[in-house]
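Undergrad: Numbering (my numbering), first residue to last: 8 to 978. Every residue gets a Cβ at the ideal spot worked out from N, C-alpha and C, and that includes glycine.
1) Sorted by chain position, which residues of the same chain lie with C-beta nearer than 6 Å to residue 69's C-beta, five sequence neighbours on each side aside?
2) Output the distance between the C-alpha atoms of residue 523 and residue 550, rounded to the nearest integer angstrom.
3) So residue 529 and residue 545 are supposed to be a Cβ contact under 8 Å. How far apart are they, rounded?
4) Name the DSSP bridge partner or partners of residue 547?
5) For residue 22, is the classification buried or exposed, using 16 other Cβ atoms within 10 angstroms of its Cβ as the cut-off for buried?
6) In whole angstroms, what is the alpha-carbon distance linking residue 535 and residue 391?
7) Beta carbon of residue 340, beta carbon of residue 403: below 8 Å?
8) Which residue wins for smallest C-alpha separation from residue 723, given the options 888, 204 and 277?
9) Got a sec, what are the start and stop residues for the beta strand (DSSP E) residue 379 sits in?
10) Look at residue 164 and residue 157 and say whether their C-beta atoms are less than 8 Å apart.
11) Buried or exposed: which applies to residue 170, given that a residue is buried once 16 or more other Cβ atoms fall within 10 Å of its Cβ?
12) Relative to the alpha-carbon of residue 282, which residue among 226, 333, 262 and 852 has its alpha-carbon at the smallest distance?
13) Please list, in chain order, all residues of the same chain as residue 497 whose beta carbon is under 7 Å from its beta carbon, the five residues on each side excluded.
14) Given 8 Å as the limit, is there contact between the region 181-193 and the region 944-952, that is, 3 or more CB pairs closer than that?
15) Would you decide whether residue 569 is buried or exposed? Buried here means 16 or more other CB atoms lie within 10 Å of its CB.
16) With distance defined between alpha-carbon atoms, name the residue in 739, 624 and 316 nearest to residue 599.
17) Taking the alpha carbon of residue 263 as the point to measure from, which residue in 698, 273 and 310 has its own alpha carbon closest?
18) Reducing DSSP to helix, strand and coil, say where residue 315 ends up.
19) Just checking, does the region 823-834 make contact with the region 919-930 on the three C-beta pairs under 8 Å criterion?
20) Between residue 836 and residue 780, what straight-line distance do the alpha-carbon atoms span, to the nearest angstrom?
21) Tell me the DSSP secondary structure of residue 206 in three-state form.
22) For residue 958, tell me which candidate among 756, 109, 859 and 858 has the shortest Cα-Cα distance.
23) Could you give the distance in angstroms between the alpha-carbon of residue 884 and the alpha-carbon of residue 830?
24) Less than 8 Å between the beta carbons of residue 901 and residue 880, yes or no?
25) At 4 residues or longer, and completely inside the region 822-883: list those alpha helix (DSSP H) runs for me, N to C.
26) Inspect the beta-carbon positions of residue 489 and residue 445 and report whether they are closer than 8 Å.
27) Going by DSSP, name the residue or residues bridged to residue 248.
28) Just curious, the beta strand (DSSP E) that residue 99 is in, first and last residue?
29) I need the straight-line Cα distance from residue 394 to residue 613, nearest angstrom please.
30) Taking one C-beta from the region 350-366 and one from the region 228-235 each time, how about it: are there three or more such pairs within less than 8 Å?
31) Nearest-angstrom Cα distance between residue 854 and residue 785?
32) Could you say which of 410, 772 and 800 lies nearest to residue 794 if we only look at CA atoms?
33) Rank 513, 100, 53 and 554 by C-alpha distance to the C-alpha of residue 137 and give the top, closest one.
34) Would you kindly report the start and end of the unbroken beta strand (DSSP E) that includes residue 567?
35) May I ask which residues mark the beginning and end of the beta strand (DSSP E) holding residue 257?
36) Which word fits residue 389, buried or exposed, when buried means at least 16 other C-beta atoms lie within 10 angstroms of its C-beta?
Next comes the structure, spelled out in structure tokens:
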């Protein structure tokens with residue numbers, strides 16, 4: 008919506024203030040600046056506000072707005088006077104306005120930094136979090152315009168508005184003056200305000216997904232009369248699953264006389280349905296989808312599952328259609344799964360929803376599954392079903408234009424029916440938010456991720472998201488830091504999910520192995536060593552072992568304090584005639600199940616070779632999945648549909664309320680409860696030792712992360728005494744002022760040294776040596792021994808090419824080295840040689856920090872040299888890094904033993920190295936303009952370290968979407 012020239016002579020319409028938000032009840036709304044074109048909307052909105060709300064706003068009866076009021080409230084300069092509106096379906100449901108004032112409360116302009124703020128929300132929409140969302144956005148606008156405080160006058164009886172201000176988390180002052188409450192809010196974000204904002208975001212987005220997964224009624228738009236179509240298939244799957252709510256078939260091509268289809272009411276449009284429709288599944292051609300979405304929006308549908316294809320996966324034209332689809336749906340307050348989706352499933356007994364193309368609804372279980380690919384979704388559903396695992400929920404999001412993996416994490420975090428979240432992702436729309444949500448969710452339940460399209464360097468068709476420049480290995484490291492279990496294949500994801508959903512977390516890496524095959528036991532033992540576990544010697548029960556022998560051995564291992572997990576290996580029994588007997592796996596399954604029936608605190612996994620029915624029997628004997636619901640006969644479904652209007656039917660089919668978690672458990676509480684209260688779950692079975700061991704190894708690493716996350720790291724306070732944040736900020740501002748290029752500029756050596764020095768990072772000085780005489784003079788100034796090295800870009804940090812001469816003890820050695828260097832590599836003007844004082848001997852390392860527009864600031868560490876670069880032996884952590892992150896960072900590279908006395912060498916000063924990492928982390932966290940830092944090499948000696956080289960690049964900071972007010976992404 009564009010303003011007229013009269014409205015904004017000096018400031019253009021700020022379209023970056025427009026945002027889609029999720030409200031407290033899970034519906035969506037749009038926040039945007041108010042313009043002169045909104046006069047009629049404002050008047051209509053005001054007429055729908057109660058007299059009481061008007062009184063609270065104006066402190067007096069105010070039945071209608073005058074023309075002067077309308078002009079004032081719709082004409083803004085977007086600097087000193089700003090108004091925002093919340094809209095649904097294009098109509099206002101709430102407004103907020105600020106006016107800049109001086110210290111006497113009179114209208115003012117900059118540099119005055121205080122503004123008076125006032126809200127008004129339609130009574131019908133109060134309690135949905137509209138005012139809270141408006142406060143977040145108007146506060147962000149005010150900060151952008153140089154306003155640091157809000158002042159508000161509120162009547163004492165207006166408890167709702169007082170609560171909005173009180174609960175926002177900003178630093179505030181309150182006084183009672185002239186019969187009203189005077190509030191002053193400091194708009195600088197605080198730790199509390201950010202926590203409040205993210206808590207509201209979590210509850211709202213979780214509720215929005217819950218509304219999709221637990222509807223009280225579903226309409227399938229595009230269900231045809233002919234069998235085999237997509238819409239008709241979804242309708243039949245919905246009914247076959249025993250959906251507990253009301254179902255409708257909608258198709259504009261239906262004959263006027265058609266009353267039912269597959270036993271449910273048939274209608275030509277949603278307008279013919281007399282009752283509320285919560286969820287619409289759209290299965291019509293893409294060109295008819297806008298009409299269907301409009302029909303849904305005008306009749307109060309809460310959410311959409313769009314199965315239709317022909318969008319972003321078809322190219323630029325389809326991508327624009329997809330964006331318009333999202334805009335249209337959100338304008339009505341609806342969220343979308345899709346387009347090009349496979350569907351959704353919720354196995355809860357109170358819902359039993361299968362609004363997907365999956366012909367059979369999975370059993371009820373404790374695993375939540377999200378996938379961006381329909382084909383992968385089919386494979387995962389099939390694999391889980393084949394192995395007897397049940398699901399709590401399933402979302403196949405297709406092009407993921409709206410509801411994403413982040414939303415699924417929000418829902419899974421507080422869903423009491425989900426113990427493990429599995430996600431197949433092909434793109435990360437907001438990596439910063441993903442790692443934040445994953446860390447919080449992983450603190451209470453496992454999150455297992457397969458990332459597709461890892462090496463293609465491009466976004467999959469249909470996924471219009473920012474592309475991260477960081478390599479996949481870095482993405483994997485950052486996921487690990489957040490507690491995510493990153494696996495490579497969907498098979499590994501199922502393997503890990505089965506173990507985590509059915510077994511307790513291991514207390515450590517010690518593994519007992521027992522079975523009736525020495526060879527299979529040795530294979531398992533080797534696999535454990537390869538995965539970093541600590542296996543005990545396998546216990547061979549011999550091929551004559553009976554199921555009772557297995558039971559006894561397993562029971563003994565479970566009580567043995569020297570092991571943390573047990574792997575049972577089994578091959579078919581050999582009969583008296585020497586022939587293998589595949590036998591009945593049911594007998595062995597019962598024996599193993601009885602051994603763990605007491606509630607073992609240790610995980611158990613089974614590796615079996617050609618034992619028929621064992622995996623199925625284990626799943627049936629010890630499954631956490633609830634019994635499959637009885638399929639409702641078509642006649643019964645028809646009766647349910649025709650009696651849905653009765654009070655009893657409404658009570659029986661109402662969707663369950665959103666799960667509410669008053670206060671999320673702390674990581675310590677969740678870790679303790681997880682390990683202290685063992686789950687009597689299913690025993691997972693694997694056809695190969697490597698698969699079982701890999702799943703167990705992931706569980707061991709995750710359990711260790713949980714224990715460490717229970718006591719989070721911190722940034723040591725001693726750093727504050729040696730850091731000059733203000734001085735660094737002044738240097739950065741001065742340097743960027745000389746470089747208007749938005750790409751920024753690299754700092755010269757001395758500039759980089761000065762900036763790093765503000766954070767206690769000392770870089771050893773270098774002096775230029777354009778000729779031998781200059782080199783000798785530099786050495787005399789620095790003191791012998793010295794190093795002579797080239798700084799030409801093609802030779803920098805390449806000692807292997809002969810561009811570095813070390814331990815030059817006197818002038819003669821220096822002159823000789825200078826001559827050799829120029830004879831071998833070229834003229835001094837090409838080599839750019841420098842002289843530097845020698846550092847104490849130690850291990851050469853590399854420390855880097857960089858900012859990725861999508862993932863954020865990343866801290867990296869590795870050893871210097873070609874071998875580490877070739878092997879990719881570099882570790883990464885997100886900034887800000889804690890003391891624990893720094894310690895883990897230097898220990899997580901494969902070459903870490905070199906730092907700790909490998910082969911009798913002296914251990915180096917890792918404490919000094921950790922401090923350096925923390926200082927660099929603090930620098931890039933405090934100053935996002937520092938977009939790249941490389942300290943190379945950093946020589947770590949037994950006592951202390953020396954930074955020999957440093958490069959720093961400054962640029963205007965990239966936008967931080969994770970620190971602003973809540974908003975849905977627009978891809």
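TA: The relevant details are as follows:
1) Sequence-distant Cβ neighbours of residue 69 in its own chain, meaning closer than 6 Å and more than five residues away, are 61.
2) Approximately 5 Å, taken between the alpha carbons.
3) The Cβ separation is near 6 Å, so the contact holds.
4) 522, per the DSSP bridge assignment.
5) With fewer than 16 Cβ atoms within 10 Å of its Cβ, residue 22 is classed as exposed.
6) When the Cα atoms are used, residue 535 and residue 391 turn out to be separated by approximately 25 Å.
7) The answer is no: Cβ separation not under 8 Å.
8) The candidate whose alpha carbon is nearest that of residue 723 is 888.
9) Membership of residue 379 in any beta strand (DSSP E) is not indicated, and neither H nor E is assigned to it by DSSP.
10) It is not a contact, given that the beta carbons lie outside the stated cut-off.
11) Exposed, since its Cβ has fewer than 16 Cβ neighbours within 10 Å.
12) Comparing Cα positions, the closest option is 226.
13) Cβ contact annotation for residue 497 (same chain, cutoff 7 Å, sequence separation greater than five): 383, 386, 387, 431 and 457, in chain order.
14) The region 181-193 is not in contact with the region 944-952.
15) The residue in question, residue 569, is exposed, as its Cβ has fewer than 16 Cβ neighbours within 10 Å.
16) Checked all of 739, 624 and 316; the closest Cα to residue 599 is 624.
17) Of the listed residues, the one whose Cα sits closest to residue 263 is 273.
18) Residue 315: coil per DSSP, three-state reduction.
19) Contact fails: fewer than three Cβ-Cβ distances are below 8 Å.
20) If you take the alpha carbons of residue 836 and residue 780, they lie about 15 Å apart.
21) For residue 206, the secondary structure class from DSSP, reduced to helix, strand or coil, is helix.
22) Of the listed residues, the one whose Cα sits closest to residue 958 is 756.
23) The C-alpha of residue 884 lies about 43 Å from the C-alpha of residue 830.
24) Less than 8 Å separates the beta-carbon of residue 901 from that of residue 880.
25) Along the length of the region 822-883, whole alpha helix (DSSP H) runs at least 4 residues long occupy 835-838 and 873-878, reported in chain order.
26) The answer is yes: Cβ separation under 8 Å.
27) Partner(s): none; residue 248 has no beta bridge.
28) For residue 99, the enclosing beta strand (DSSP E) stretches over residues 98-108.
29) Rounded to whole angstroms, the gap between the alpha carbons of residue 394 and residue 613 is 13 Å.
30) They do not touch, by the three-pair rule.
31) Residue 854 and residue 785 have their C-alpha atoms roughly 27 Å apart.
32) Nearest option by C-alpha distance: 772.
33) When each option's Cα is compared against that of residue 137, the closest is 100.
34) No beta strand (DSSP E) holds residue 567; DSSP gives it neither H nor E.
35) Residue 257 -> beta strand (DSSP E) spans 253-257.
36) If you draw a 10 Å sphere on the C-beta of residue 389, you find fewer than 16 other C-beta atoms in it, and that means exposed.
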